[in-house]
Amino acid sequence: MKIRWGTVSLEGRYRLSSITELFTKTCKEGGIRNMTRYREFIGEYETIITYLKGYQYIQGDINHNQEILDSLSTSVQESIYKEMIKYRAMIQALDGGYIIPRLDILKLYIEQDLEANVLIQQKEFTNQKPR
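The numbers in the sequence shown follow the UniProt record's numbering, run straight up by one, and end at 131.
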């Protein structure tokens with residue numbers, strides 16, 4: 001073990017491949033469908049990024065926005081794409097494609113969509129008539 005920045009950590013806890021492994025694992029599980037799974041995923045992602053930056057595996061800004069979107073379930077992806085295009089969060093490139101916004105904006109759209117899904121499910125549950 002190595003003491004660094006006032007904490008004890010295991011040497012080699014994460015590697016660059018840890019990010020890819022996280023995305024792959026999440027996609028194999030069917031993608032992120034709810035807020036609980038999203039919070040687990042984004043927490044683990046940010047932990048890995050912080051670790052890799054701290055140990056200088058990576059420097060500067062990184063852009064995994066497309067991979068984060070791909071880690072969502074298909075229905076959530078479609079909903080988020082529609083909202084981002086509707087509110088012009090995705091800028092159209094010269095070749096006709098769209099540019100995914102910064103991570104903080106992307107996270108905002110994901111969280112809003114997943115929270116809306118929770119509210120819709122709660123409303124459907126309360127509107128069910130007893131048998």
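Just so it is clear, CB atoms sit at the ideal spot from N, CA and C, and this is done for glycine as well.
I'd like to check one pair, residue j with residue i: are the Cβ atoms closer than 8 Å?
i: MET35; j: GLU124; result: no
i: LYS70; j: PHE41; result: Rather than Lys, the amino acid found at residue 70 in this sequence is Asp. Cβ atoms of ASP70 and PHE41: not closer than 8 Å.
i: TYR57; j: LEU94; result: no
Tell me which same chain residues have a C-beta within less than 6 Å of the C-beta of residue i, skipping the five on either side of it?
i: ILE68; result: none
i: MET84; result: MET90 and TYR109
i: ARG33; result: SER73
i: TYR55; result: none
i: GLU21; result: none
Taking the DSSP output, what are the residues bridged to residue i?
i: LEU72; result: ILE32
i: GLN92; result: TYR98
Report back the beta-carbon spacing between residue i and residue j to the nearest angstrom; my notes put them in contact at under 8 Å.
i: residue 166; j: SER18; result: Not covered by the structure: residue 166. The range shown for the chain is 1 to 131.
i: TYR45; j: TYR14; result: Contact flag wrong, Cβ pair sits at about 11 Å.
Keeping to the same chain, check which residues put their C-beta closer than 7 Å to that of residue i; ignore five residues upstream and five downstream.
i: GLY30; result: SER73
i: LEU99; result: In the sequence under discussion, the amino acid at residue 99 is Ile, which differs from the Leu named in the question. Here the set comprises MET90, ILE91 and ALA93.
Apart from the five residues on each side of it in sequence, which residues of its chain come closer than 8 Å, Cβ to Cβ, to residue i?
i: VAL76; result: GLY31, ILE32, ARG33, ILE110, ASP113, LEU114 and ASN117
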